[in-house]
Amino acid sequence: MIRLALLMIFLAGSALAQETAEPEPPMTYERLGKIIFALDPDAKPFGPGFELKVGDVTVLVVTDINADRMRAMVAIGSAEDLSPADLERVMQANFDSTLDARYALANGILWAAYIHPLSRLDKNQLISGLAQTVNIAKTYGTLYTGGAAEFGGGDSQDLQRDLIEELLKKGEEI
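The numbers in the sequence shown follow the UniProt record's numbering, run straight up by one, and end at 174.
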């Protein structure tokens, strides 16, 4: 109950801070690149996107200016290896524990993915989405979680939240 109250206070404070803060400019490919290079100075641009490392995980970020979309993805493994129980579990997780990131299937691969309209994406949404995507890829087969808002008494919540906090700190200077 105390954790729930603290979470509600944090969320209310975050919402108030967002209302009083200067609005961010629309996200563009160039601005997205600046944020990505702040998170990983060794990131590589390719076509309409970027490849970066978040910890030891390779993340692909692809943009489509015409469709006003951004997609961050982490390949988890072959879709051929998924049992019906695995598919059911990722669908359950998409409903209650992956937050803004999702498990997805494409081209015979199981992915962790975060998809958002590009122009309306703000810096903290991008950073949180990247961290959630990495978290659900890393917790596939165990916790199946984005890591930002969970209830429980174990160590996992704090460990997963650390990644989001680390990336938010890197993004503060942008």
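By construction, the Cβ of each residue, glycine as well, lies at the ideal position given by its N, Cα and C atoms.
Treat the numbers as computed from the prediction; the structure is a model and nothing was measured.
| request: For alanine 104, I'd like the list of residues in its chain whose CB is within less than 7 Å of its CB, leaving aside the five on either flank, ordered along the chain. | output: Your numbering for residue 104 matches position 104 in the sequence shown. Annotation for alanine 104: Trp111 and Ala113 place their beta carbon closer than 7 Å to its own, counting only its chain and skipping 5 residues before and after.
| Taking just the CA atoms, how far does arginine 102 sit from phenylalanine 151? | Position 151 of the sequence shown holds residue 151. Position 102 of the sequence shown holds residue 102. Any answer about phenylalanine 151 is weak, because its pLDDT of 42 lies below 50 and its placement is not dependable; what the coordinates show is given next. Rounded to whole angstroms, phenylalanine 151 and arginine 102 show a C-alpha spacing of 19 Å.
| said: Output needed for valine 90: all residues of its chain with C-beta closer than 6 Å, excluding positions within five of it in sequence on either side, in chain order. | reply: Residue 90 sits at position 90 when you count from the first residue of the sequence shown. Correct list, in chain order: Tyr103.
| task | Flag this pair as yes or no: are the beta carbons of proline 48 and aspartate 68 separated by less than 8 Å? | result | For the purposes of this step, residue 48 is identified with residue 48 of the sequence shown, where counting begins at 1. For the purposes of this step, residue 68 is identified with residue 68 of the sequence shown, where counting begins at 1. With a cutoff of 8 Å on beta-carbon distance, proline 48 and aspartate 68 are scored as not near each other.
| request: Given a cut-off of 8 Å, decide if glycine 147 and glutamine 132 are closer than it, judged by their beta-carbon atoms. | output: If you number the sequence shown from 1, residue 132 lands on position 132. If you number the sequence shown from 1, residue 147 lands on position 147. For glutamine 132 and glycine 147, yes; Cβs fall inside 8 Å.
| So residue 186 and phenylalanine 50 are in contact, right, with Cβ under 8 Å, and what is the actual spacing, rounded? | The question about residue 186 has no answer here: the residues shown for the chain are numbered 1 through 174.
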